[in-house]
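K.L.:
Following this message is one structure expressed as structure tokens.
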Amino acid sequence: MPWKLLSGTSRKIMMNEPTAVVALPEIVQSRIFSVSPEVLFKAWSDPRSLSMWMQPGDEMRPATVKVDFRVGGEFSIIMHGKEQDYAHVGRYLEIEPSRKLVFTWVSLWFPPAEQATRVTLTLESAGEGQTKLILVHDQLPPSGSYDNHLHGWARILDNAIAGMCGN
Numbered sequence: 001m002p003w004k005l006l007s008g009t010s011r012k013i014m015m016n017e018p019t020a021v022v023a024l025p026e027i028v029q030s031r032i033f034s035v036s037p038e039v040l041f042k043a044w045s046d047p048r049s050l051s052m053w054m055q056p057g058d059e060m061r062p063a064t065v066k067v068d069f070r071v072g073g074e075f076s077i078i079m080h081g082k083e084q085d086y087a088h089v090g091r092y093l094e095i096e097p098s099r100k101l102v103f104t105w106v107s108l109w110f111p112p113a114e115q116a117t118r119v120t121l122t123l124e125s126a127g128e129g130q131t132k133l134i135l136v137h138d139q140l141p142p143s144g145s146y147d148n149h150l151h152g153w154a155r156i157l158d159n160a161i162a163g164m165c166g167n
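FYI, the numbering for the sequence shown is 1 to 167, going by my numbering.
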């Protein structure tokens, strides 16, 4: 009897045939910022701040960012590359000031436009004037954009540190 593969779920589903659950890939990255959790959290809600470091590649210009920062509010981020723009949209799912931010993330530029994925930012005090940010990007499709997002988030977080902390 063949196995039925289900993507996008971690729950077992009752069916008449055997089922295998396929875990979708996720990205986990962390950085230490030399700013308070309050300052770091505010930077993720401020369009001007986001526009300066949401640049995952070389020779990128400041992003065009629109933010409706509330649970259920939407955002759009257009990253401007040398030869191409990279549009992303999402919706805020959870907002816990200075502690946690959860939002959907759709990369419209990646053909075909991918499904909504989820980004969770957790902020933890890391000593006097320092904050540990943990980024988890999950519900990624099993193929295609994983490497782009892995390298993109690494550059974005490094840019954020340089922009906010002067490193």
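Cβ atoms here follow ideal geometry from the backbone N, Cα and C, with glycine treated the same way.
These numbers come from a predicted model, not from an experiment.
Alpha carbon to alpha carbon, how far is Leu-140 from Ile-95?
P.N.:
By 1-based counting over the sequence shown, the position of residue 140 is 140. By 1-based counting over the sequence shown, the position of residue 95 is 95. Cα-Cα distance, rounded: 21 Å.
K.L.:
First and last residue of the alpha helix (DSSP H) that includes Phe-41?
P.N.:
The residue labelled residue 41 in the question sits at position 41 within the sequence shown. Where Phe-41 is concerned, the enclosing alpha helix (DSSP H) stretches over 37 to 43.
K.L.:
Could you tell me how far apart the beta carbons of Lys-66 and Ser-51 are, in whole angstroms, since I believe they sit closer than 8 Å?
P.N.:
Taking the sequence shown and counting its residues from 1, one reaches residue 66 at position 66. Taking the sequence shown and counting its residues from 1, one reaches residue 51 at position 51. Contact doesn't hold; Cβ gap of about 10 Å is too wide.
K.L.:
Would you grab the beta carbon distance between Phe-69 and Ser-45 for me? Rounded to a whole angstrom, and I think it's under 8 Å.
P.N.:
The residue given as residue 69 occupies position 69 in the sequence shown. The residue given as residue 45 occupies position 45 in the sequence shown. So it is a contact: roughly 4 Å between Cβ atoms.
K.L.:
Between the C-alpha atoms of Pro-62 and Pro-142, what's the straight-line distance to the nearest angstrom?
P.N.:
Walking along the sequence shown from the start, residue 62 turns up at place 62. Walking along the sequence shown from the start, residue 142 turns up at place 142. Going by the C-alpha atoms only, they are around 30 Å apart.
K.L.:
Would you mind stating whether Gly-90 and Val-106 have Cβ atoms separated by less than 9 Å?
P.N.:
What you label residue 90 is simply residue 90 of the sequence shown in a count that begins at 1. What you label residue 106 is simply residue 106 of the sequence shown in a count that begins at 1. Yes, these two residues count as a Cβ contact at 9 Å.
K.L.:
Roughly how many angstroms lie between the CA atoms of Ile-78 and Gly-127, to the nearest whole one?
P.N.:
In the sequence shown, residue 78 corresponds to position 78, counting from 1. In the sequence shown, residue 127 corresponds to position 127, counting from 1. Distance between the alpha carbons of Ile-78 and Gly-127: 34 Å.
K.L.:
Looking at the structure shown, is Ser-48 part of a helix, part of a strand, or coil, going by DSSP?
P.N.:
Along the sequence shown, one-based indexing puts residue 48 at 48. It should be pointed out that residue 48 corresponds to Arg in this sequence rather than to Ser. Three-state result, Arg-48: helix.
K.L.:
Mapping DSSP to helix, strand and coil, what is Gly-90?
P.N.:
Translated into positions along the sequence shown, residue 90 becomes position 90. Here Gly-90 sits in strand by DSSP.
K.L.:
Spell out the partners DSSP gives Asp-85 in its beta bridges.
P.N.:
Sequence index remark: in the sequence shown, residue 85 carries index 85 (1-based). Paired residues: His-80.
K.L.:
Taking just the CA atoms, how far does Gln-29 sit from Thr-122?
P.N.:
Here residue 122 corresponds to residue number 122 of the sequence shown, with the count starting at 1. Here residue 29 corresponds to residue number 29 of the sequence shown, with the count starting at 1. Their Cα atoms are separated by approximately 11 Å.
K.L.:
Between Asp-138 and Ile-27, is the Cβ-Cβ spacing less than 9 Å?
P.N.:
As a working note, residue 138 is residue 138 in the sequence shown. As a working note, residue 27 is residue 27 in the sequence shown. Yes, the Cβ-Cβ distance between Asp-138 and Ile-27 is below 9 Å.
K.L.:
If you measure from the beta carbon of His-88 to each beta carbon in chain B, is any gap under 9 Å?
P.N.:
No chain B is part of this structure, which consists of one protein chain only.
K.L.:
Please state whether DSSP places Trp-153 in a helix, a strand or coil.
P.N.:
Position 153 of the sequence shown, counted from the first residue, corresponds to residue 153. Looking at Trp-153 - three-state DSSP - the assignment turns out to be helix.
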